[in-house]
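Novice:
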Amino acid sequence: MLLRTRYLTQGIAKVLIWIAALSTIAVMILILLQILGEGLPILHLRFFLESPREMGREGGIFPTIIGTVALTAVGILFATPLGVGTAIFLREYTRESQISRIIRFGTDCLAGVPSIIFGLFGFVFFVIYLNMGWSILSGGLTLAAMILPTIISTAEEAIKAIPYSYREVSYSLGGTKWQTVIRAILPNALPGIFTGIILGVGRSIGETAATILTAGSSLVMPTSLFSPIRTMSIHFYILAREGISMDMAYGTGAALILLVLLINTVAHWLLNRYIRHRV
Amino acid sequence: MFKISNLKLILHHVFNPPSPPFTKGGVGGFGHWNLRFGIWKLGFLICLLFIFWVFQLNVGCQRSRAGITVAGSTSVEPFAELLAEEYMSRHPESHIYVQGGGSTAGIEAVRTHAAQIGMSSRSLLPDEKNLYAVTIARDAITIIVHPKNPTNNLSLSQIKQVFSGKIKSWKELGGAAHPIILVNREEGSGTRESFQKFVMGKEEISLESLVQDSNGAIRQVVSNDPNAIGYISLGLVNEKVKALKLSGVEPNVTDIENGTYTLVRPFLFVFSGEPAGEAKSFLEFVLSPPAQNLLSKEGLVSILKPSGK
Amino acid sequence: MEIQEKIIEKTLLFVALSSIMILGLITFFIFEQGLPLIWKIGPRAFILGERWVPSQGSFGILPMIVSSFWVTIGALALGIPLGLACAIFLCEWSPPSVGIVLRPAIQLLAAIPSVIYGFWGLIVLVPLVRNYLGGPGLSILSGSLILGFMILPTIISISEDSLNALPSSYKQGALALGATHWQAIWRVLIPAARSGIVTSIILGMGRAVGETMAMIMILGNAVKMPTSFLDSARTLTTNIGIEMGYASGDHRQALFATGVVLFIIIMLLNSLAIFFSRRRAG
Chain H
129 MLLRTRYLTQ GIAKVLIWIA ALSTIAVMIL ILLQILGEGL PILHLRFFLE
179 SPREMGREGG IFPTIIGTVA LTAVGILFAT PLGVGTAIFL REYTRESQIS
229 RIIRFGTDCL AGVPSIIFGL FGFVFFVIYL NMGWSILSGG LTLAAMILPT
279 IISTAEEAIK AIPYSYREVS YSLGGTKWQT VIRAILPNAL PGIFTGIILG
329 VGRSIGETAA TILTAGSSLV MPTSLFSPIR TMSIHFYILA REGISMDMAY
379 GTGAALILLV LLINTVAHWL LNRYIRHRV
Chain R
550 MFKISNLKLI LHHVFNPPSP PFTKGGVGGF GHWNLRFGIW KLGFLICLLF
600 IFWVFQLNVG CQRSRAGITV AGSTSVEPFA ELLAEEYMSR HPESHIYVQG
650 GGSTAGIEAV RTHAAQIGMS SRSLLPDEKN LYAVTIARDA ITIIVHPKNP
700 TNNLSLSQIK QVFSGKIKSW KELGGAAHPI ILVNREEGSG TRESFQKFVM
750 GKEEISLESL VQDSNGAIRQ VVSNDPNAIG YISLGLVNEK VKALKLSGVE
800 PNVTDIENGT YTLVRPFLFV FSGEPAGEAK SFLEFVLSPP AQNLLSKEGL
850 VSILKPSGK
Chain F
26 MEIQEKIIEK TLLFVALSSI MILGLITFFI FEQGLPLIWK IGPRAFILGE
76 RWVPSQGSFG ILPMIVSSFW VTIGALALGI PLGLACAIFL CEWSPPSVGI
126 VLRPAIQLLA AIPSVIYGFW GLIVLVPLVR NYLGGPGLSI LSGSLILGFM
176 ILPTIISISE DSLNALPSSY KQGALALGAT HWQAIWRVLI PAARSGIVTS
226 IILGMGRAVG ETMAMIMILG NAVKMPTSFL DSARTLTTNI GIEMGYASGD
276 HRQALFATGV VLFIIIMLLN SLAIFFSRRR AG
């Protein structure tokens, strides 16, 4: 091939790739601008602290914030022990064997299940079969199942990153396996595990399909774990589709984006600080 | 001297364990947490117990919270929410949870006692007649188009032909040569069933229609698309859409009340038996003048005025 | 002490099996609800049936399968070139200043909830499509475009990882033989990172097939077989999402049955992805 043709190809490729990269950034900025632009003016303290009135036309989004927090809290509460326990087992108590392959396969598959399937499952299992009804508990447990794979993989990375010498020192001092885990490994893996939790939180906040089928969509302040509740993302979805109040929709959307931005920034900062640089 | 300094050395090492040489970037400062074994075991056990306790709640756990659940038609839902809001402001200790799900699902919820009150936007079917139903308002189904659409008036048979797909272009209705975009409700909706019953009869709504899962969503789509046509509850019509006249009759409260506008359906509260307790109290509020005024303001037809049928 | 250790080990084993158990529970319940209906009307009638009219007892999901297929293809048509391009860019060409903006932008793209994407698509894309290309705007095209952006982070991050993991000798060897930078990338690096890139594409596909909320908002949910990219359509996921709240009896079981088909498709895609990623690591 002529030298000039080759460089021409490279030139074209370079231009196209630059366009691709820039347009990705551009779309990102467009989306943010649109929602934050219309939504930020709506955000003030009253918006966050008041309850919605007039079918959501007025007032704030307080119950939805409570709903989001409650659902996420329940989800984390159940997913963390399970996830950390799995990670500990995979890294400390077993070598690469049939069992660990099965567990990893299960985790990978669970990570790929679409949220609507989780919603169907949560609906038929928690809401109907276990008779919990549309409630914070049903929604939270379903969310726990969804974020479990995230916590497992992050916890595993965190534990993997701890140098073997820690374990050596512990064993040489006469520690049992479990003592090693809780005194030498876990304390040092905590930042990484915490990162996994935060990533899980980020995921739960944006989750809509599964929560709408399991937690209901009631706008009333919840009185117990068995009350139905509407999360911020469900509220945004309903407002946006029904056109009840574009202002409220944009406001809720802006709040959602800011929340997610915050959580992900924290998570990635933690990730880079405590896990990446050790590997 | 020697012994004491030895002891001091040992104590020093016990309380300041040597950190391994690899702590270049720090280990997050959590290195000297001394979590007691007991706490972990206890915590783990508590989690397990909690999980088991939650599962055994299945036995006889029927929504252990105060208040009543009102579930069913999404057409009635926004109005029920408004009424519930008003009711709860007058009775601060009560809780009313309003939920959607559709007329059919609401009726079933009442049957299985999952909800105390069911909302329906269609009359009861023969096999549902054993339930106790009260009309709380009447609502008209209006055909809506984009405000810029030149069409103002359609006859029932024209609407039927449009929605069944026989008339495909606005040109056939005196407009521009654009394809008609139908917007429909999803299967199971009381509004759709009413529309089917009153307008379509035996004919099927065209499968090409867009489907949205609430009145508000249909209104959104129609308000944005100059070629769209759909049907929503009268109470939800606003300045973003235009309601068509039905053979010259305008869908307003007067014409509904004197019976000239015929696409009218009842909003029902359904109970499994005689209403009692909080449910009865809420029902009585809903049927009272202040509540009915609220509904009239929102565009429904109050049941306190004569129905003219 | 020994006994305590044994107990702990067995407890942890039990805990570790939780992910498998949950997966099993999900499979069991979805199938338990959905299979009876599939047997009742026959797998062939269900999967190949072209009419979905629950009020008449017609439960054919072929239009949904076809729509899911086209929406995914459309999303990949946007996502693969754009994603690969960004991955190459990040790996090879990016000046640090742009990289600092691009990386967080991609992380952000991944973090934004799907309902926000759907909303933006509804407000911005749908009117554009409707005004300039015709049709209702709520169409497969709009859905594909949005979905393409949603799967970008998946494709970019995994492809970038696999490109970075290649030994630098590959590129240096190619350059030493006189290739231009682009030739080195296109003819050596990308083929070498093939299995990682394929993994990313399959995972992106899985994500695309499973997306619900944004699609409900943008696709229009018409129940017929799509004939053009400007047609409104309904995917397997939106079929469940839009009718689940209202369904009862056979209709509800039919939605679970749709879930069964969706689940099988996703599991197949997942297994493919796992297979390819193991090959990459191995």
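Protein chains in written order, with our numbering: chain H, 129 to 407; chain R, 550 to 858; chain F, 26 to 307.
Glycine included, every Cβ here is placed at the ideal spot set by N, Cα and C.
How would you label residue 634 of chain R, buried or exposed, when you count the other beta carbons within 10 angstroms and need 16 or more for buried?
Specialist: Residue numbering aside, residue 634 of chain R sits at position 85 when the second sequence is read from its first letter. Residue 634 of chain R should be labelled buried.
Novice: Are the CB atoms of residue 77 of chain F and residue 286 of chain F within a distance shorter than 9 Å?
Specialist: Indexing the third sequence from 1 puts residue 286 of chain F at position 261. Indexing the third sequence from 1 puts residue 77 of chain F at position 52. The answer is no: Cβ separation not under 9 Å.
Novice: Under a three-way DSSP split, which group does residue 93 of chain F fall into?
Specialist: By 1-based counting over the third sequence, the position of residue 93 of chain F is 68. It is helical.
Novice: Looking only at DSSP bridge pairs, what is residue 77 of chain F linked to?
Specialist: On the third sequence, residue 77 of chain F is found 52 positions in, with the first residue counted as 1. Residue pairing by DSSP places residue 77 of chain F opposite F:84 in a beta bridge.
Novice: Mind pulling the alpha helix (DSSP H) runs of 4 or more residues that sit fully within the region 181-209 of chain F?
Specialist: 193-201
Novice: From the DSSP output, read off the bridge partner residues of residue 652 of chain R.
Specialist: Your numbering for residue 652 of chain R matches position 103 in the second sequence. Residue 652 of chain R pairs with nothing; no bridge assigned.
Novice: Might you give, ordered along the chain, the residues of its own chain that have their beta carbon closer than 8 Å to the beta carbon of residue 768 of chain R, omitting 5 neighbours on each side?
Specialist: Here residue 768 of chain R refers to the residue found at position 219 of the second sequence. Here the set comprises 693, 779, 781, 785, 786, 787, 789 and 790.
Novice: Determine, using beta carbons only, whether residue 143 of chain H comes closer than 9 Å to chain R.
Specialist: Counting from one through the first sequence, the residue named residue 143 of chain H turns up at place 15. Cβ-Cβ to chain R under 9 Å: no for residue 143 of chain H.
Novice: Could you give the distance in angstroms between the alpha-carbon of residue 575 of chain R and the alpha-carbon of residue 401 of chain H?
Specialist: Taking the first residue of the second sequence as 1, we reach residue 575 of chain R at position 26. Taking the first residue of the first sequence as 1, we reach residue 401 of chain H at position 273. In this prediction, residue 575 of chain R scores a pLDDT of 33, lower than 50, which makes its location untrustworthy; the coordinate-derived value is nonetheless stated afterwards. So the alpha carbons of these two residues sit roughly 10 Å apart.
Novice: Rounded to whole angstroms, what's the CA-CA distance from residue 257 of chain H to residue 266 of chain H? Just pull it up for me.
Specialist: In the first sequence, residue 257 of chain H corresponds to position 129, counting from 1. In the first sequence, residue 266 of chain H corresponds to position 138, counting from 1. Using only the alpha carbons, I get a separation of about 11 Å.
Novice: For residue 355 of chain H versus residue 339 of chain H, is the C-beta distance shorter than 9 Å?
Specialist: In the first sequence, residue 355 of chain H corresponds to position 227, counting from 1. In the first sequence, residue 339 of chain H corresponds to position 211, counting from 1. No; because the gap between Cβ atoms is not below 9 Å, this pair is not in contact.
Novice: Starting from the C-beta of residue 142 of chain F, find all residues in its chain whose C-beta is less than 8 Å away, skip the five residues before and the five after it, and write them out in chain order.
Specialist: Within the third sequence, the letter at position 117 stands for residue 142 of chain F. If we look at residue 142 of chain F and ignore the five residues flanking it on each side, its Cβ neighbours are 171, 174, 175 and 239.
Novice: Answer yes if the region 150-159 of chain F comes into contact with the region 80-90 of chain F, meaning at least three C-beta pairs across the two stretches below 8 Å, and no otherwise.
Specialist: no
Novice: Can you tell me the Cβ-Cβ gap for residue 805 of chain R and residue 686 of chain R, rounded? I've got them flagged as a contact below 8 Å.
Specialist: As a first step, residue 805 of chain R must be located in the second sequence, where it is residue number 256. As a first step, residue 686 of chain R must be located in the second sequence, where it is residue number 137. Contact flag wrong, Cβ pair sits at about 11 Å.
Novice: Report the CB separation of residue 166 of chain F from residue 242 of chain F in whole angstroms; it is logged as a contact under 8 Å.
Specialist: Within the third sequence, residue 166 of chain F is the residue found at index 141, counting from 1. Within the third sequence, residue 242 of chain F is the residue found at index 217, counting from 1. The Cβ separation is near 15 Å, so there is no contact.
Novice: Please confirm if the region 248-264 of chain F is in contact with the region 756-764 of chain R, defined as three or more CB-CB distances below 8 Å between the two stretches.
Specialist: Yes: at least three Cβ pairs fall under 8 Å.
Novice: Taking C-alpha atoms, which residue in R:679, R:648 and R:843 lies nearest to residue 668 of chain R?
Specialist: Numbered from 1 along the second sequence, position 119 holds the residue referred to as residue 668 of chain R. When each option's Cα is compared against that of residue 668 of chain R, the closest is R:648.
Novice: Mind listing which residues of the region 197-211 of chain F have their C-beta closer than 7 Å to chain R's C-betas, in chain order?
Specialist: none
Novice: For residue 736 of chain R, would you say it is in contact with chain F, using Cβ-to-Cβ distances shorter than 9 Å as the test?
Specialist: Your numbering for residue 736 of chain R matches position 187 in the second sequence. It does; some Cβ of chain F falls within 9 Å.
Novice: Report the option in F:226, F:225, F:131 and F:267 whose CA atom is closest to the CA atom of residue 738 of chain R.
Specialist: On the second sequence, position 189 is the one that residue 738 of chain R refers to. Of the candidates F:226, F:225, F:131 and F:267, the one whose C-alpha sits nearest the C-alpha of residue 738 of chain R is F:267.
Novice: Go through its chain and collect everything with a Cβ distance to residue 21 of chain F's Cβ below 8 Å, but skip five positions before and after it.
Specialist: This structure gives no information on residue 21 of chain F, because the portion of chain F shown stretches from 26 to 307.
Novice: Please return the same chain residues whose Cβ sits closer than 7 Å to the Cβ of residue 204 of chain H, not counting the five positions on each side in sequence.
Specialist: Your numbering for residue 204 of chain H matches position 76 in the first sequence. Excluding positions up to five away in sequence, the list reads 325, 328 and 329.
Novice: Between the C-alpha atoms of residue 573 of chain R and residue 289 of chain H, what's the straight-line distance to the nearest angstrom?
Specialist: Position 24 of the second sequence, counting from 1, holds the residue named residue 573 of chain R. Position 161 of the first sequence, counting from 1, holds the residue named residue 289 of chain H. Since pLDDT at residue 573 of chain R reaches only 33, below the 50 mark, its modelled position is unreliable, and no value is offered.
Novice: In the DSSP assignment, what residue or residues form a beta bridge with residue 684 of chain R?
Specialist: Residue mapping note: residue 684 of chain R aligns to position 135 of the second sequence, counting from 1. In the DSSP output, where bridge partners are listed per residue, residue 684 of chain R has R:817.
Novice: Beta-carbon separation of residue 264 of chain H and residue 195 of chain H under 9 Å?
Specialist: Walking along the first sequence from the start, residue 264 of chain H turns up at place 136. Walking along the first sequence from the start, residue 195 of chain H turns up at place 67. Going by C-beta atoms, residue 264 of chain H is nearer than 9 Å to residue 195 of chain H.
Novice: Could you tell me which chain F residues have their CB closer than 7 Å to the CB of residue 365 of chain H, listed as they occur along the chain?
Specialist: Taking the first residue of the first sequence as 1, we reach residue 365 of chain H at position 237. Those within 7 Å of residue 365 of chain H in chain F are 140 and 238.
Novice: Look at residue 700 of chain R and residue 792 of chain R and say whether their C-beta atoms are less than 9 Å apart.
Specialist: Here residue 700 of chain R refers to the residue found at position 151 of the second sequence. Here residue 792 of chain R refers to the residue found at position 243 of the second sequence. No, they are not a contact pair.
Novice: Could you confirm whether any beta carbon from chain H is found closer than 9 Å to the beta carbon of residue 637 of chain R?
Specialist: Translated into the one-based positions of the second sequence, residue 637 of chain R becomes position 88. Yes, because at least one Cβ of chain H sits closer than 9 Å to the Cβ of residue 637 of chain R.
Novice: Going by C-alpha to C-alpha distance, which of H:323, H:166, H:399 and H:174 sits closest to residue 187 of chain H?
Specialist: For the purposes of this step, residue 187 of chain H is taken as the residue at position 59 of the first sequence. Minimum Cα-Cα distance from residue 187 of chain H among the listed residues H:323, H:166, H:399 and H:174 corresponds to H:174.
Novice: Check the DSSP bridge columns for residue 258 of chain F and list the partner residues they point to.
Specialist: Walking along the third sequence from the start, residue 258 of chain F turns up at place 233. Answer is F:245.
Novice: So is residue 685 of chain R in contact with chain F if we call contact Cβ pairs under 9 Å?
Specialist: As a working note, residue 685 of chain R is residue 136 in the second sequence. Chain F contact via Cβ: absent.
Novice: Would you call the CB atoms of residue 670 of chain R and residue 652 of chain R closer than 9 Å?
Specialist: Walking along the second sequence from the start, residue 670 of chain R turns up at place 121. Walking along the second sequence from the start, residue 652 of chain R turns up at place 103. Closer than 9 Å, so yes.
Novice: Name, going along the chain, the residues of the region 680-711 of chain R whose beta-carbon falls closer than 8 Å to a beta-carbon of chain H.
Specialist: none
Novice: With the cut-off set at 9 Å, would you say residue 217 of chain H and residue 40 of chain F are in Cβ contact?
Specialist: The sequence position of residue 217 of chain H within the first sequence is 89, counting from 1. The sequence position of residue 40 of chain F within the third sequence is 15, counting from 1. In contact: residue 217 of chain H and residue 40 of chain F (Cβ atoms closer than 9 Å).
Novice: What is the C-beta distance between residue 184 of chain F and residue 221 of chain F, in whole angstroms, given that I count them as a contact (C-beta under 8 Å)?
Specialist: Here residue 184 of chain F refers to the residue found at position 159 of the third sequence. Here residue 221 of chain F refers to the residue found at position 196 of the third sequence. Correct: roughly 6 Å between the Cβ atoms.
Novice: My output table needs one value for residue 223 of chain F: the three-state DSSP class, helix, strand or coil.
Specialist: Position 198 of the third sequence, counted from the start, is the residue given in the question as residue 223 of chain F. Helix, per DSSP.
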